[in-house]
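What follows is one structure encoded as structure tokens, with my remarks underneath.
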Amino acid sequence: MRWMWIDRVVELVPGERIVCVKGVSLSEDHLSDHFAASGGRAATPIMPASLIIEGMAQSAGILVGHAEGFREKVVLAKVGRAELDAEVLPGDQLRYSASIESMTEVGAATRGVVELIRPGGAGPTAPEEIGRIDLMFSHLDNNMAGQTFPEHNFVFGESFRTLLRASGVEIPG
Amino acid sequence: MTRDEIFEKVRGVLVDALAVDEDEVTPESRLIADLGAESIDILDISFKLEQAFGFKIAQGELFPEGVTQNPEYVQGGKVTDKGLAELREKLPHFDFSELEKDRSVQNVANIFTVNALVDFCERKLKAA
């Protein structure tokens with residue numbers, strides 16, 4: 001399964017900041033269920049908020065992973081804040097900006113802003129802030145419970161590497 | 174900064190990190206048993222304390238790491254003398270009197286009280 005909720009990294013300042021974009025397409029399967037026609041109501045395709053959070057988690061996760069040369073297994077551990085003010089529709093573009101607030105060997109905290117670009121009318125539309133998502137990531141191998149995990153870095157797999165290559169981001173290591 | 178002011182700041186951090194109400198946070202509240210903190214919250218609290226007070230917290234400085242997994246420190250589900258001595262040395266801001274009475278390893282979590290956090294911050298601010 002391809003579980004990629006961003007299309008391109010457009011800016012990366014290592015260890016500091018990342019900007020990623022995602023185009024929302026009506027061909028994405030989930031939009032036919034969220035929400036399907038029901039009773040007298042017509043189908044209403046709206047991007048689920050949970051997947052917008054996932055997009056931010058992937059963006060911020062790349063930033064955190066990149067800072068450690070992708071040696072750490074960076075997993076989402078906590079959604080500290082998620083506020084979304086607008087519905088996101090097919091044809092929209094989302095812009096995820098994330099920055100590292102704190103980072104240690106065991107994990108990191110990131111702060112993020114979601115912006116919406118909605119095409120229509122004449123010319124490009126300016127991005128409009130529609131959300132704020134603050135996250136915490138854990139470095140699995142340094143988790144406090146002392147559990148062990150497979151050596152292979154299953155977090156940053158081939159899909160992530162393809163995304164980074166296609167975005168022109170150098171993959172350390 | 175007075176102890177009351179430190180408590181207020183610590184309370185703000187806990188309300189933010191654990192999504193609890195202000196009046197749930199008393200000096201005696203236990204972070205894990207009463208306020209529902211999980212392991213990632215401990216890191217979150219540590220980051221937020223750094224920002225609130227402007228000091229740095231080293232790994233393992235605020236909460237012990239690996240003590241309960243170490244067979245020298247825990248035997249048969251009880252914290253050993255050596256384990257207790259290690260905890261006391263590493264974590265002077267904690268009150269160990271309850272753990273002394275009941276050495277069960279599950280009881281270790283109960284030493285993480287709001288008061289312990291306030292003591293920790295007070296010590297850090299004095300040392301600065």
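First to last, the protein sequences are chains F and X. Read left to right, the first sequence gives residues 1 to 173 (this note's numbering). Read left to right, the second sequence gives residues 174 to 301 (this note's numbering). Each residue gets a CB set at the ideal place from its N, CA and C atoms; glycine is no exception.
So residue i contacts chain F; which residues on that side make the cut at Cβ distance below 8 Å?
i, result
"E223/X", "S102"
"I284/X", "In chain order: nothing, as chain F lies at least about 15 Å away."
Does DSSP put residue i in a helix, a strand or coil?
i, result
"L63/F", "helix"
"R71/F", "coil"
"S184/F", "Residue 184/F cannot be examined here, being either before or after the span of chain F that is shown, 1 to 173."
"M136/F", "strand"
"Q58/F", "helix"
"K221/X", "helix"
"E195/X", "helix"
"E83/F", "strand"
"E234/X", "coil"
"I46/F", "coil"
"L298/X", "helix"
"G91/F", "coil"
Residues of chain X with a CB under 7 Å from the CB of residue i: which are they?
i, result
"M56/F", "Going along chain X, no residue has its Cβ under 7 Å from M56/F, so there is no contact; the nearest lies around 17 Å."
"V106/F", "L216, Q232"
Quick one: is residue i buried, meaning 16 or more other Cβ sit within 10 Å of its Cβ, or exposed?
i, result
"P119/F", "exposed"
"H66/F", "buried"
"E72/F", "buried"
"H152/F", "exposed"
"R95/F", "buried"
List the residues of chain X whose Cβ lies closer than 8 Å to the Cβ of residue i, in chain order.
i, result
"S167/F", "Here the premise fails: no neighbours, minimum Cβ distance about 29 Å."
"K78/F", "I213, D214, D217"
Which residues in chain X have a C-beta closer than 9 Å to the C-beta of residue i? List them in chain order.
i, result
"K73/F", "Simply none; closest approach about 14 Å."
"A109/F", "L216, D217, F220, K221"
Please name the residue, chosen from the options, that lies closest to residue i on a Cα-to-Cα basis.
i, options, result
"Y246/X", "V278/X, E178/X, A225/X", "V278/X"
"L135/F", "E271/X, A289/X, F220/X, R261/X", "F220/X"
"P200/X", "S212/X, V183/X, A192/X, L260/X", "V183/X"
"R81/F", "T110/F, P150/F, D92/F", "T110/F"
"V75/F", "E83/F, L84/F, L63/F, A86/F", "L63/F"
message: Could you tell me which whole alpha helix (DSSP H) segments of length 4 or greater appear in the region 245-290 of chain X?
response: 254-263, 270-274
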